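Q: Each residue of the sequence shown is one higher than the one before, starting from 112 at the first, in this note's numbering.
Submitted below is the structure of interest, expressed as structure tokens.
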Amino acid sequence: MTYTRRAAVTAVTLALLFSVATSLFAQQTLYEIFDVNYHIEGRTRQFALEAVVDLEPGLVFASQEQLDLFIADQQQLLINQRPLAEARVEYSLRQLSAERYAVSVDVHTRDSWNVIALPYFRYSTDDGLLLSLRGRDYNFFGTLERLAVNLDWENESPGDGLTNIDELNLNWSFSWPFQWRGYDWRWDVKGELAYLPDDTDEYNFETALGITFPWLFGLDWTATYIQELDIRRGDDPDGYWVTPGARLATSVPTGWMLGNLGEISYNPRGTAKYPYAPGLSEARRGPTVDFTHSLRAGRVNWIGNFRDGTVASLTNSNELNLYRAVGDSNLEPWDRVVEAELRSYGAYLPQALFPVGLSARVGVFAELDGSDQINDRVRGIIKRVDGEDRLRGEYGAYANVDLAVSVFRWGRFAEGQGAVFLDVGATGDLDTGLIDPDDILFGGGIEIFGFPLFSRALYLRASLGFDLRAVVEDASIRGANKRDIFIGLDHHY
């Protein structure tokens, strides 16, 4: 038993407990969870499952119907973990008195196949060809976290204004949550070795160790120590620099409900870093402090191989370089961004011959101290021309809509989905006023998804998109500047 507990429980749990509190005296029969037992097939650790669900002895329900709803919701939380092939939550009752039952909960899980090594390639019109050997463990040390190791060869597209080079890159990352001395810890590691012929070689290493503990206002806080090392070989003015840092974060249940999305959580995070090396160049010099906070509500469930649910978020980040603010520097000291996003997914006809999924996303952003790009939010368009981002500005908006259909299922081995999509994006600058309608970019096309059923965490995506404005203006879909091809992993959003 650890000293920590997640501050924000699911909206369903809160609603049920509130219902219990308001009707406690009106009900005659109470159901109390006395014990929770885990039955695990595979290497998943029990504490990893306990971090997912809200099953704890002492929870009381005013009716068996409320208990059933709660158990079903906890089962769905486990089903949402793609490293698990199967998850089931059951309970049994033992009568203590005429008005009280003891509830014994049994959690059954079975691991999916999560260790994978395979050759892989990705192609996109903007970024060129990537050939790769990829290793994945989607359940690293049984924690439901991912280990990724990639050996990549990439040839950038010469038509986008960037240097056409052959880059050899080895990169890795993993997250390892664990328990020690009664506390929850988390170790994150990232590294990259990049060899670029006729350019600057880059070696980057980052590690972070965090501990979660109860502290102010009865909340769980996570304190993290960060250490980064960057090395450059070539024409870069800095041969190396180290960056120690620290981060403090928490999540606050506000008690405010946002319709069917449930409770809104407030998530503040403060970070301080100090890059250092003798004679470090001005662009990298100076300690930075960052305060990022967000409001978030909603949840997305997996129904088969479709997603279902809605998530809304509002985020503001504020980073200040102290050297630029108080020292002798002409560089902008602030980097402040505001972004809002709404994502919604629907899974329909799950028992039909051809199940259907509908997805949509809409977002806006404002960069208060410069500009930013949203090229990657819009499929189908050529994202850069002569090295310049087509969707870059001080503010902007984007939207995506996808309609997917499960077109085949090969027994217990694989499922294939086909989809059509429509994307739109636009950016502008404050000094030019409103966005010019001619600057709004539209992309549309088709996508194909492959889900190997032996490994729920792994799925492939291939898309063919077109710049719809260019197609309409030229009355033709021919031409490399009108289409975008992508082959890779995971959903676009």
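Where is the CB? At the ideal position from N, CA and C, for every residue including glycine.
Quick caveat, the model's predicted, so the values are computed rather than measured.
So residue 502 and residue 227 are supposed to be a Cβ contact under 8 Å. How far apart are they, rounded?
A: In fact, because the Cβ distance is near 34 Å, the residues do not count as touching under 8 Å.
Q: Please classify residue 352: is it buried, with 16 or more other beta-carbons within 10 angstroms of its beta-carbon, or exposed?
A: By the 10 Å Cβ count, residue 352 comes out buried.
Q: Put residue 582 into one of helix, strand or coil per three-state DSSP.
A: Helix.
Q: Cβ of residue 233 within 9 Å of Cβ of residue 598?
A: For residue 233 and residue 598, yes; Cβs fall inside 9 Å.
Q: Considering only the beta carbon of each residue, do residue 479 and residue 505 sit closer than 9 Å?
A: Yes, they are a contact pair.
Q: Below 9 Å between beta carbons: does that hold for residue 473 and residue 517?
A: No.
Q: Note down, in chain order, each residue of its chain lying with its Cβ closer than 7 Å to the Cβ of residue 432, except the 5 sequence neighbours on either side.
A: Counting only Cβ-Cβ distances below 7 Å, and skipping sequence neighbours, we find 397, 399 and 444.
Q: As a quick exercise: from 208, 246 and 183, pick the residue whose alpha carbon is nearest that of residue 263.
A: Checked all of 208, 246 and 183; the closest Cα to residue 263 is 246.
Q: Under 8 Å Cβ to Cβ from residue 411, same chain only, skipping five residues before and after it: list those, please.
A: Here the set comprises 191, 418, 419, 420, 421, 422, 454 and 456.
Q: If you count every other CB in all the chains shown that lies within 10 Å of the CB of residue 437, and 16 or more means buried, which is it?
A: Residue 437 comes out exposed.
Q: Could you tell me the alpha carbon to alpha carbon distance between residue 546 and residue 603, rounded to whole angstroms?
A: In a straight line, the C-alpha of residue 546 is about 25 Å away from that of residue 603.
Q: Exposed or buried, which one is residue 194 when buried takes at least 16 other CB atoms within 10 Å?
A: That one is buried.
Q: Counting only runs that start and end within the stretch 275-336, where is the beta strand (DSSP E) found for 3 or more residues in a row?
A: If we require 3 residues or more, the beta strand (DSSP E) runs fully inside the stretch 275-336 come out as 277-291, 294-306 and 312-325.
Q: From what residue to what residue does the beta strand (DSSP E) around residue 528 run?
A: From DSSP, the beta strand (DSSP E) with residue 528 extends over 525-539.
Q: Excluding sequence positions up to five away, which residues of its chain have a Cβ less than 8 Å from the Cβ of residue 186?
A: Same-chain partners within the cutoff: 198, 199 and 200.
Q: What are the uninterrupted segments assigned as alpha helix (DSSP H) that are 4 or more residues long and contained completely in the stretch 433-501, given in chain order?
A: Whole alpha helix (DSSP H) segments, 4+ residues: 433-437.
Q: Of the choices 307, 303, 160 and 221, whose alpha-carbon is the least far from that of residue 567?
A: It is 221.
Q: With respect to the beta strand (DSSP E) encompassing residue 146, which residues constitute its N-terminal and C-terminal limits?
A: Where residue 146 is concerned, the enclosing beta strand (DSSP E) stretches over 141-152.
Q: Spell out the partners DSSP gives residue 222 in its beta bridges.
A: Answer is 195, bridged to residue 222.
Q: Quick one: using the 10 Å Cβ neighbour count with 16 as the cut-off for buried, is residue 55 buried or exposed?
A: The requested residue 55 is not part of the displayed model; the chain covers only 112 to 604.
Q: Closest to residue 548 by CA distance: which of 216, 343, 537 and 558 is it?
A: For the residues 216, 343, 537 and 558, the minimum Cα distance to residue 548 belongs to 537.
Q: What's the C-alpha gap between residue 322 and residue 218?
A: In a straight line, the C-alpha of residue 322 is about 27 Å away from that of residue 218.
Q: Sorted by chain position, which residues of the same chain lie with C-beta nearer than 7 Å to residue 460's C-beta, five sequence neighbours on each side aside?
A: Counting only Cβ-Cβ distances below 7 Å, and skipping sequence neighbours, we find 466 and 467.
Q: Looking at the secondary structure, which residues open and close the beta strand (DSSP E) in which residue 189 lies?
A: Note, residue 189: premise wrong, no beta strand (DSSP E); alpha helix (DSSP H) at 175-190.
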